[in-house]
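Taken in sequence, the protein lines are chains A and B. Under the UniProt record's numbering, residues 1 to 298 are what the first sequence spells out, in order. Under the UniProt record's numbering, residues 1 to 298 are what the second sequence spells out, in order. Virtual Cβ for every residue (Gly too), placed ideally from N, Cα, C.
There are 2 protein chains.
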Amino acid sequence: MSEAAIAPSATLGSARTGASPSRAAIGDSEFDRDTALTRREPGVYDIELSAGWTIISAVNGGYLLAVLGRALADALPHPDPFTISAHYLTASQPGPAVVRTETVRTGRTLSTGQASLFQLDEQGNEVERIRVLASYGDLGALPDDVRTAARPPQMPPPEQCFGPQDAPSPVPGSSAITDRLFLKLDPSTLGWALGKPSGKGEMRAWFGLADGRDADPLSLLLAVDALPPTAFEIGLSGWVPTVELTVHVRCRPAPGPLRVAITTRNLAGGFLEEDAEVWDSADRLVAQSRQLARVRLG
Amino acid sequence: MSEAAIAPSATLGSARTGASPSRAAIGDSEFDRDTALTRREPGVYDIELSAGWTIISAVNGGYLLAVLGRALADALPHPDPFTISAHYLTASQPGPAVVRTETVRTGRTLSTGQASLFQLDEQGNEVERIRVLASYGDLGALPDDVRTAARPPQMPPPEQCFGPQDAPSPVPGSSAITDRLFLKLDPSTLGWALGKPSGKGEMRAWFGLADGRDADPLSLLLAVDALPPTAFEIGLSGWVPTVELTVHVRCRPAPGPLRVAITTRNLAGGFLEEDAEVWDSADRLVAQSRQLARVRLG
């Protein structure tokens, strides 16, 4: 089978939305280019992991999940991740990577697949970076019945929130991802940036992509892991590496900015959980996630 | 390699706790016997799935997760599930099953593994029932630093709560699991049993094992999926099959009954999430889980 590029075609994406040249379209944007894979053969995909989605020199876990999510969307007969779990094994680096997928089961409304991302070590051996198990469906085929009891987070409007560009001092280390995102944090979760963490494990922000691309189910996988760690507001510093991340994608997001609200309620034993909710401009709870992460105490 | 039975030995379990003959010990209980596997060779385990853990004729998903969890505890160098995700593919039946495990990565403090449960169909082909991805560690090695902000659920004491045995009418279909459990539901989440569901997606109960065995990390995998569906309190009836279930086990539970509190906040599009918290007698938040389940609307 000839190689196939796996990303919505640029032309198709632009034509569909009629986006102005200054605003990227789904299918023709930084996010799409940097998550695009080439199918080498069924179940095997090549990609160059971008250096543009790093935070403090680590490749962002949500970006990596979106890469794996795109591979599975190609491999499985259903287009959208409904529930996807990733275990992060070793640290990914910008550069060449291979994604290998396996179809576990295909059904009428749901299919399940598995995917792993590998990179070569200095001896040329494949080292597994991340393994994912996911069930996919068609979000467009779901009935309209919506009885969500949860309510969107209360947040000031974006113009009263603050992004990395507003920060008094730059984020240490590489902050390339902040150039890719439209991120405006709720000032009530920004005490840490001013040396006065609130002590409450919360982080809230308006979220979008810097080039204006609207959200879609795959970019939601990025959105749930793209805010500063709640640990910062608890008063902990340093890296908070993700051990495992599970995302439920419940709805195709409407165009426009998202609101992401993250909560930590169980910091204990050197680990914490981060629960993220993603709300779209139509006040739909489009994604929910939980990750288990390690913290450095003291 | 000779066959090996995988369950804590009966003698060791009883001796360690000094349990009275009328109260089962960890290692010598219904739960241990019904989740015991025989290792046929490295990575391959046989088990007879018990009919004793069914609810309305379906083998309980938490019991199945505990079976897979026990296999991985044997296969991996670390004893306790820290984070475990299961995708339920096809319905399991009581009877023979095979669990196949794979070690994905072993580290100093965490190891990751994968496990699948298979049963034979009528033609004698292996059909995959469940696939699991999990990271294991040693809960006993975690530091004592506990800053849990969450608080235990407010519930009446067990003697003011109600179990299946108190129900005015029996649960339809096979309810074998209710004979295995000590389950006392919070009356404020029991409106459904009296024809008056509250409309709120909540379910709370005191939980234990009927034979008195204390909880351990593996039985927590059962506890998070052993209550009636929150859908009942929302006013929906019928089966609410689990698509995916992720459990974080954060602490070895203290002896004594557990409190399980489950919440649903996003019933939409024919799916809902159930978030479970499990609290032990020392007021520790010992496990958190989220499952994605399908509902029948209307």
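Note down, in chain order, every chain A residue with its Cβ under 9 Å from the Cβ of residue i.
i, result
"residue 42 of chain B", "Ordered by position in chain A, no residue passes the 9 Å Cβ test against residue 42 of chain B, which lies about 20 Å from the chain."
"residue 148 of chain B", "265, 266, 267 and 268"
Within this structure, are the beta carbons of residue i and residue j separated by less than 8 Å?
i, j, result
"residue 99 of chain B", "residue 120 of chain B", "no"
"residue 131 of chain A", "residue 224 of chain B", "no"
"residue 262 of chain A", "residue 244 of chain A", "no"
"residue 235 of chain A", "residue 187 of chain A", "no"
"residue 62 of chain A", "residue 101 of chain A", "no"
"residue 280 of chain A", "residue 29 of chain A", "no"
"residue 85 of chain A", "residue 85 of chain B", "yes"
"residue 257 of chain B", "residue 162 of chain B", "no"
"residue 267 of chain A", "residue 295 of chain A", "yes"
"residue 220 of chain A", "residue 253 of chain A", "yes"
"residue 242 of chain A", "residue 88 of chain A", "yes"
"residue 69 of chain B", "residue 81 of chain B", "yes"
"residue 167 of chain B", "residue 193 of chain B", "yes"
"residue 269 of chain A", "residue 146 of chain B", "yes"
"residue 93 of chain B", "residue 59 of chain B", "yes"
"residue 148 of chain B", "residue 265 of chain A", "yes"
"residue 177 of chain B", "residue 35 of chain B", "no"
"residue 250 of chain A", "residue 287 of chain A", "yes"
"residue 75 of chain B", "residue 113 of chain B", "yes"
"residue 297 of chain B", "residue 143 of chain A", "yes"
"residue 157 of chain A", "residue 175 of chain A", "no"
"residue 133 of chain B", "residue 133 of chain A", "yes"
Within 10 angstroms of the Cβ of residue i, are there 16 or more other Cβ atoms? Answer buried if so, exposed if not.
i, result
"residue 283 of chain B", "exposed"
"residue 18 of chain A", "In this predicted model, residue 18 of chain A has a pLDDT of only 47, less than 50, meaning its place in the structure is not dependable; the value taken from the coordinates is given anyway. By the 10 Å Cβ count, residue 18 of chain A comes out exposed."
"residue 126 of chain A", "exposed"
"residue 96 of chain A", "exposed"
"residue 227 of chain B", "buried"
"residue 9 of chain A", "With a pLDDT of only 40 at residue 9 of chain A, under the threshold of 50, the placement of this residue in the model should not be trusted; the figure read from the coordinates follows. By the 10 Å Cβ count, residue 9 of chain A comes out exposed."
"residue 300 of chain B", "Missing from the structure shown is residue 300 of chain B; chain B here goes from 1 to 298 and no further."
"residue 159 of chain B", "exposed"
"residue 50 of chain B", "buried"
"residue 189 of chain A", "buried"
"residue 179 of chain A", "exposed"
"residue 13 of chain B", "Here residue 13 of chain B scores only 30 on pLDDT, less than 50, and its place in the model should not be relied on; the value that follows carries that caveat. The residue is buried, with at least 16 neighbouring Cβ atoms inside 10 Å."
"residue 129 of chain B", "buried"
"residue 24 of chain B", "buried"
"residue 141 of chain A", "exposed"
"residue 41 of chain A", "exposed"
"residue 122 of chain A", "exposed"
"residue 202 of chain B", "buried"
Grab me the residues of residue i's own chain with a C-beta within less than 6 Å of its C-beta, minus the 5 sequence neighbours each way, in chain order.
i, result
"residue 45 of chain B", "37, 39, 71 and 99"
"residue 83 of chain A", "135 and 248"
"residue 209 of chain B", "31"
"residue 246 of chain B", "85 and 290"
"residue 16 of chain A", "In this predicted model, residue 16 of chain A has a pLDDT of only 39, less than 50, meaning its place in the structure is not dependable enough to derive any value."
"residue 195 of chain B", "none"
"residue 73 of chain A", "79"
Closer than 9 Å by beta-carbon distance: list the chain B residues that pair up with residue i, in chain order.
i, result
"residue 154 of chain A", "In chain order: nothing, as chain B lies at least about 16 Å away."
"residue 131 of chain A", "104, 105, 112, 114 and 133"
Give every residue of the same chain whose Cβ lies closer than 7 Å to the Cβ of residue i, excluding the five residues on either side of it in the sequence, and list them in chain order.
i, result
"residue 77 of chain A", "106 and 111"
"residue 200 of chain A", "233"
"residue 292 of chain B", "243, 244, 271 and 273"
"residue 278 of chain A", "220, 223, 224, 258, 260, 286 and 287"
"residue 184 of chain A", "158, 161, 162, 163, 205 and 206"
Chain B partners of residue i, CB-CB under 7 Å?
i, result
"residue 248 of chain A", "273 and 292"
"residue 201 of chain A", "149"
"residue 285 of chain A", "266"
List, in order along the chain, the chain A residues whose C-beta lies closer than 8 Å to that of residue i?
i, result
"residue 143 of chain B", "269, 270 and 297"
"residue 128 of chain B", "104 and 105"
Taking residue i as the query, report the chain A residues whose CB atoms sit under 7 Å from its CB, ordered along the chain.
i, result
"residue 288 of chain B", "266 and 273"
For residue i, which residues in chain B fall below 8 Å Cβ to Cβ?
i, result
"residue 243 of chain A", "82, 83, 110 and 135"
"residue 161 of chain A", "By Cβ distance, chain B contributes nothing, its closest Cβ being about 24 Å from residue 161 of chain A, past 8 Å."
Leaving out five residues before and five after residue i in sequence, what residues of the same chain have Cβ atoms less than 8 Å from its Cβ?
i, result
"residue 216 of chain B", "26, 252 and 253"
"residue 22 of chain A", "212"
"residue 108 of chain A", "none"
*With 8 Å as the limit, tell me which residues of the stretch 81-114 of chain B have their beta carbon closer than that to any beta carbon of chain A; keep them in chain order.*
82, 83, 85, 87, 89, 90, 104, 105, 110, 112 and 114
*Residues of the stretch 45-75 of chain A with a CB closer than 7 Å to any CB of chain B: list them in chain order, please.*
none
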